[in-house]
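As given, the protein sequences belong to chains A and B, one line each in that order.
Take the first sequence: its letter number 10 is residue 10 in this note's numbering, and every next letter is one higher.
Take the second sequence: its letter number 110 is residue 227 in this note's numbering, and every next letter is one higher.
Structure record follows, encoded as structure tokens.
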Amino acid sequence: AQKVTQAQTEISVVEKEDVTLDCVYETRDTTYYLFWYKQPPSGELVFLIRRNSFDEQNEISGRYSWNFQKSTSSFNFTITASQVVDSAVYFCALSDYMDTGRRALTFGSGTRLQVQP
Amino acid sequence: GAGVSQSPSNKVTEKGKDVELRCDPISGHTALYWYRQSLGQGLEFLIYFQGNSAPDKSGLPSDRFSAERTGGSVSTLTIQRTQQEDSAVYLCASSRPGLAGEQETQYFGPGTRLLVL
Numbered sequence: 001a002q003k004v005t006q007a008q009t010e011i012s013v014v015e016k017e018d019v020t021l022d023c024v025y026e027t028r029d030t031t032y033y034l035f036w037y038k039q040p041p042s043g044e045l046v047f048l049i050r051r052n053s054f055d056e057q058n059e060i061s062g063r064y065s066w067n068f069q070k071s072t073s074s075f076n077f078t079i080t081a082s083q084v085v086d087s088a089v090y091f092c093a094l095s096d097y098m099d100t101g102r103r104a105l106t107f108g109s110g111t112r113l114q115v116q117p
Numbered sequence: 118g119a120g121v122s123q124s125p126s127n128k129v130t131e132k133g134k135d136v137e138l139r140c141d142p143i144s145g146h147t148a149l150y151w152y153r154q155s156l157g158q159g160l161e162f163l164i165y166f167q168g169n170s171a172p173d174k175s176g177l178p179s180d181r182f183s184a185e186r187t188g189g190s191v192s193t194l195t196i197q198r199t200q201q202e203d204s205a206v207y208l209c210a211s212s213r214p215g216l217a218g219e220q221e222t223q224y225f226g227p228g229t230r231l232l233v234l
């Protein structure tokens, strides 16, 4: 069975601080995809990034960066110079990889990030 | 282009009544998923549709839940004889097969918030 663990339930930072959200996953699949989604107060899940199991290159997009390490089964997310607009719940997710094409997501419990002005 | 749309955005019903929730995926997206987000269980996969193939219902919590997808597009999730534990946000997501990697990314609608009294 697949599992995603986000040990940090809630993080509070002051604007301009850097913050890292942790994600640890478990799977027996050799091919899989990892995701981060953002859920702002409006409730809609917003896609941030996708990573496949064969690509361990770190990625940077503006103030966001992601560190994928298969050796520790981790896929951590760092926000540099946080802003109030970054306040949201962030979910890490792992897809299965069925022959039917199904890519159902297993989500972590989410990390609520509060950025104070 | 337009994103995934869901209706109604909110639904209040009495225990024992049936409800129907609608999802309109992104145009051209042949894969469609339903998830449930509840306080106790987090985000859970419910059902998967791919084109005209038989749906994967492995995530449905009971036989009171069913879903259909007409014409490979709009989907309806039906909950019969609703119970208080069915109160949750029901999220729909769609994805597009074809481009490597892109089929793995699910784009979510705003959800339907269901409250069973």
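Glycine included, C-beta positions come from ideal geometry on N, C-alpha and C.
(message) Need the endpoints of the beta strand (DSSP E) that B/Ser190 sits in, please.
(response) What you label residue 190 of chain B is simply residue 73 of the second sequence in a count that begins at 1. Run containing B/Ser190: none; DSSP gives neither H nor E here.
(request) Assess, as a yes-or-no matter, whether the region 73 to 84 of chain A is touched by the region 121 to 138 of chain B under the definition of 3 or more beta carbon pairs within less than 8 Å. (result) no
(message) I need the straight-line Cα distance from B/Pro125 to B/Val206, nearest angstrom please.
(response) Counted from its first residue, the second sequence places residue 125 of chain B at position 8. Counted from its first residue, the second sequence places residue 206 of chain B at position 89. Straight-line Cα distance between these residues: approximately 11 Å.
(message) Under DSSP, the beta strand (DSSP E) around B/Gln123 begins and ends at which residues?
(response) Position 6 of the second sequence, counted from the first residue, corresponds to residue 123 of chain B. B/Gln123 -> beta strand (DSSP E) spans 122 to 124.
(request) Give the straight-line distance between the Cα atoms of A/Thr9 and A/Asp22, rounded to the nearest whole angstrom. (result) Looking up residue 9 of chain A in the first sequence gives position 9. Looking up residue 22 of chain A in the first sequence gives position 22. Those two C-alpha atoms are separated by around 10 Å.
(request) Counting only the same chain and skipping the five closest in sequence on each side, list residues whose C-beta sits under 6 Å from that of A/Ala104. (result) Sequence index remark: in the first sequence, residue 104 of chain A carries index 104 (1-based). Result list for A/Ala104: Asp96, in chain order.
(message) Rounding to the nearest angstrom, what Cα-Cα distance links B/Glu137 and A/Val14 in this structure?
(response) Residue numbering aside, residue 137 of chain B sits at position 20 when the second sequence is read from its first letter. Residue numbering aside, residue 14 of chain A sits at position 14 when the first sequence is read from its first letter. Taking the straight line from one Cα to the other gives about 43 Å.
(message) Excluding the 5 residues flanking B/Pro172 on each side, which residues of the same chain have their C-beta closer than 6 Å to its C-beta?
(response) Position 55 of the second sequence, counting from 1, holds the residue named residue 172 of chain B. Once the five neighbours on either side are set aside, the close Cβ partners of B/Pro172 are Ile164, Phe166.
(request) List the residues of chain B that A/Thr100 touches, going by C-beta distances under 9 Å, in chain order. (result) Counting from one through the first sequence, the residue named residue 100 of chain A turns up at place 100. Near A/Thr100 (Cβ distances below 9 Å), the residues of chain B are Tyr165, Gln167, Ser170, Asp173.
(message) Going by the DSSP bridge assignment, what does A/Asp99 pair with across the sheet?
(response) In the first sequence, counting from the first residue as 1, residue 99 of chain A sits at position 99. Beta-bridge pairing links A/Asp99 to no other residue.
(message) Contact criterion: CB-CB distance below 8 Å. Does A/Phe91 meet it with respect to chain B?
(response) On the first sequence, residue 91 of chain A is found 91 positions in, with the first residue counted as 1. It does: the Cβ of A/Phe91 has a partner Cβ on chain B nearer than 8 Å.
(message) Beta-carbon within less than 8 Å of B/Asn169's beta-carbon, same chain only, minus the 5 sequence neighbours each way: which residues are those?
(response) Taking the first residue of the second sequence as 1, we reach residue 169 of chain B at position 52. These residues qualify, in order along the chain: Gly189.
(request) For B/Glu221, count neighbouring Cβ atoms within 10 angstroms of its own Cβ and tell me buried if that reaches 16, exposed if not. (result) Here the question's residue 221 of chain B lines up with position 104 in the second sequence. B/Glu221 is buried by the Cβ-count criterion.
(message) A/Gln6 and A/Leu94 - do their beta-carbons sit closer together than 8 Å?
(response) Sequence index remark: in the first sequence, residue 94 of chain A carries index 94 (1-based). Sequence index remark: in the first sequence, residue 6 of chain A carries index 6 (1-based). No. Outside cutoff.
(message) When you compare the CB of A/Arg28 with every CB in chain B, is at least one pair closer than 8 Å?
(response) Here residue 28 of chain A is taken as the residue at index 28 of the first sequence, counted from 1. Not an interface residue.
(request) Could you tell me the boundaries of the beta strand (DSSP E) in which A/Ser12 lies? (result) Position 12 of the first sequence, counting from 1, holds the residue named residue 12 of chain A. Taken as a continuous stretch (DSSP letters only), the beta strand (DSSP E) holding A/Ser12 covers 10 to 14.
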